[in-house]
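In what follows, a single structure is set out as structure tokens and then discussed.
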Amino acid sequence: MLNDIWQLTYVQTVNATRISNVFYYRQTTSDGVTDPRED
821 MLNDIWQLTY VQTVNATRIS NVFYYRQTTS DGVTDPRED
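Per the numbering used here, residue 821 is the first one in the sequence shown, and the count goes up by one each step.
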């Protein structure tokens with residue numbers, strides 16, 4: 821049971837990180853940058 825809760829929290833954290841990364845990527849691409857890690 822505890823493992824299921826941990827797994828659910830982990831999945832939510834990964835999804836939130838992925839969504840924020842996509843949002844950040846779209847913000848940088850609007851400025852003409854293809855890779856947000858590349859300066």
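Backbone N, C-alpha and C fix where the C-beta goes; we use that ideal spot for every residue, glycine too.
**Message:** Using only the alpha-carbon positions, how far apart do Leu787 and Val834 sit?
**Reply:** Here the chain comprises residues numbered 821 to 859, so residue 787 is not present and cannot be evaluated.
**Request:** Compute the Euclidean distance between the alpha carbons of Gln847 and Thr837, then round it to the nearest angstrom.
**Result:** 15 Å
**Request:** Note down the Cα distance separating Asn841 from Met821, rounded to an integer number of angstroms.
**Result:** 30 Å
**Asked** Does the beta carbon of Trp826 come closer than 8 Å to any beta carbon on chain C?
**Response** Here there is only one protein chain, and chain C is not present.
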